[in-house]
Structure formats: structure tokens, C-alpha cells
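Accompanying notes for the structure given below.
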């Protein structure tokens, strides 16, 4: 696994020692991956490009443990892009369940329709064609090209960025947003040969996920600890602490609670039930048929948030604007 640039070219003024050789580094990380990698279905020998694409969309900002059951059900229900393309948006959003950021479900649905209409129902191999699919950004296009089709592209996700920052630059954490310098570094340290680049991308991503974590990294388990610029520098703390994603009391929390109601409901939900708990019992008794118990349960969860009416209205307006909900005279429902 050769590489065109030694690490010292990327960081010629480094005070920490450079790895003795990138090929040695590549071997150590890839061999570690062979021993320690998680057994995930989208990595299996019989994986399909569609399964890889679905996994990459689901894994955005969502932990593997939450993705696994939803991914499995999704592929059982829609094993090919054409199957998903034929589904209704409402069914797609329901199947997305509680993965969060449900706009991803609609984008994946739109991507499946484009794959059906433009690519004959097969996920395209060409990187530019992947990038042209709805909702597919630079990372996802590269990841599918690499992990589904075995091509050589730089794949730079959060885990890889963190591992690169520590190993090659001596920083505890990367910048908050991806930089051009990070992309150049990723390209420079990646093996030149195609098979080696695929193995490296997969392995260093797993290293970042399991060992080189944002909090409490397991340096004692790292196969390249002795080559790490951050460890050599004394493991200095990050200039800024990593920010946790707030949830309690946010519009996202209210949106999630509203979506939970809509996913459970087969019929439109009267708008007042979503906007104020005070109207709840009155509406249920005022000519509306009583909703199923699961809908009542989720309405109760929404009401218990004690969110101001303005916040509920804002959350509902956002869902309608994003195409995640639709309104008709009888109330609010999922789209399609």
C-alpha cells in the first residue's frame, strides 16, 4: 500500500515524530480492523449497493445501534430501489420510525425514484452520477463508490477526521466544519492502490468509531499509538470542548413528538390536538372519533412536553414546509 506523500511533507514543521512509514501505518490499522471490526450487515460479502446506500443515509448523525433494526426491516420491505420508489411517502416516513431527521427518508425515497427513472433501477457506480442523486452529498457519494463499488475516493466522515487530526496533526479534535486542508490530508495519506485505499478508508473509519473516540479515547487499544502525533505531544486537550446536541425543550424535540403522533395515526389528526393540550379532551369528545390508544399515548407525550403553543405551531409549520406532513380539512397527516 504505497502513498505518494510522506506525512512530513504534509506537516514539515511538526514537533512531534512522524510515522516511520505510511505503509507500516496502513498495515497496522488494516490488520487491527481485520481482528476488531464490527460485524455489520452492510459490510457483509453479500451486501448490495442499495444496502450500502441506505446504510450511509441512515448512519448520518445516528448511532449504529439505532440504525441496525431499522435498516434490516427496511431492506426486507424494500430490497431494491424500485421497491422503495413505488412506496408512498407516508409509508416511507413511518418506516423511518424514530431514527431522527426524517427528511432523510424523503430524500432517500426521491433518490430511489431517480435510480428507477434514470438508472434502470440500479444504483449508479459513477461518482458523479451518485452525487447527482437527491439528498446525496460529497461524503455519501464517495462512501458508496468506495464501500459498494470498491473505487478509490477520499472518504472523510467525523470518525476519520478525528483519527486523522490526532494521528497526523497532533490535534485532539478536528475543526467544527470540514476544511480543504483535511481533504488534502486524507488524499495524501491514503494508499495509492485501489484495494489498499478501500481497506484503509474502512479501517480508519472503524478506528475512529471504536478507539479514537471524541470522549475518553482508548489509546491503550490503538494499533498505532506509538505513531500518533497527539499522543507524542502529551495528548493535549482540545481548544474547545465538543458540543453535545441539545434536545430537551428544542423545536427538534417538539417536531419529533408531532411526527410520532402522525406516524401512529391512520387518519388525519385535528390541528387543535397537536397545538394545545387544553383542547385535547374537548376535541376527543366533540364529534371526533376517538383515536387508537397508541395515538392517544403519543398525544399525551406531546402534551407533557409543556411546549408553548407558538413553539408547537412553529414545529408544525416546519414539518408542513419540509413535506413531512400535509394538511387537509380534517386535520394533519403524513404526506402522500
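In our numbering, the protein residues as written are -18 to 317. Built from N, CA and C at the ideal position, the CB exists for glycine as well. What you are looking at is a predicted structure, and each value in this text was computed from that prediction instead of being measured.
In the three-state DSSP reduction, residue 313 falls in the strand class (E or B).
Contact annotation: residue 35 and residue 56 have beta-carbon atoms nearer than 8 Å.
Straight across, the Cα-Cα distance linking residue 110 with residue 73 is about 24 Å. Cβ neighbours of residue 198 within its own chain (closer than 7 Å, five residues either side excluded): 192. Short of 7 Å from the beta carbon of residue 92, and not among the five residues preceding or following it, lie these beta carbons of its own chain, in chain order: 114, 115, 116, 117. The Cβ atoms of residue 141 and residue 171 lie no closer than 8 Å to each other.
In the structure shown, the three-state DSSP call for residue 190 is helix.
Note on residue 5: under 16 other CB atoms within 10 angstroms of its CB, so exposed under the neighbour-count rule.
Measuring C-alpha to C-alpha distances from residue 251 to each of 169, 314, 128, 41 identifies 314 as the nearest. Comparing C-alpha distances from residue 287 to each of 234, 275, 303, 45 shows the shortest one belongs to 234. About 7 Å separates the CB atoms of residue 84 and residue 305; that is less than 8 Å, so the two are in contact. In the assembly as shown, residue 227 is an exposed residue. Its beta-carbon has fewer than 16 other beta-carbons within 10 Å. Residue 143 places its beta carbon 8 Å or farther from that of residue 159. Here the alpha carbon of residue 112 sits roughly 12 Å from the alpha carbon of residue 95. Setting aside the 5 residues that flank it on each side, residue 236 is surrounded in the same chain by 296, 299, 300, each with a C-beta closer than 7 Å to its C-beta; the list follows chain order. Put simply, the region 162 to 171 touches the region 123 to 139. At least three CB pairs are less than 8 Å apart.
In this model, residue 126 and residue 11 are separated by some 19 Å (Cα to Cα). According to the DSSP secondary-structure assignment, residue 242 is paired through a beta bridge with no residue. Residue range 252 to 256 is occupied by the alpha helix (DSSP H) that includes residue 252. Contact annotation: residue 205 and residue 148 have beta-carbon atoms nearer than 8 Å. The DSSP assignment places complete alpha helix (DSSP H) segments of no fewer than 4 residues inside the region 156 to 184 at 161 to 170, in order along the chain. Residue 51 sits away from residue 21, with the two beta carbons spaced by 8 Å or more. A Cβ-Cβ contact shorter than 8 Å links residue 66 with residue 97. Bounds of the alpha helix (DSSP H) holding residue 31 are 30 to 39.
In the displayed model, residue 291 falls within a helix according to three-state DSSP. For the pair residue 312 and residue 273, the CB atoms are not nearer than the 8 Å cut-off. Excluding sequence positions up to five before and after residue 161, its CB lies less than 7 Å from no other CB in the same chain.
Scanning its chain for C-beta atoms nearer than 7 Å, with the 5 sequence neighbours on each side dropped, one finds around residue 212 the residues 200, 206, in chain order. Per DSSP, the continuous alpha helix (DSSP H) segment holding residue 62 begins and ends at 62 to 66. Note on geometry: alpha-carbon atoms of residue 16 and residue 247 lie some 47 Å from one another. The C-beta distance from residue 13 to residue 188 rounds to 7 Å, short enough to meet the 8 Å contact threshold.
The straight-line gap separating the alpha-carbon atoms of residue 37 and residue 164 is approximately 19 Å. For residue 141, the uninterrupted alpha helix (DSSP H) segment begins and ends at 139 to 145.
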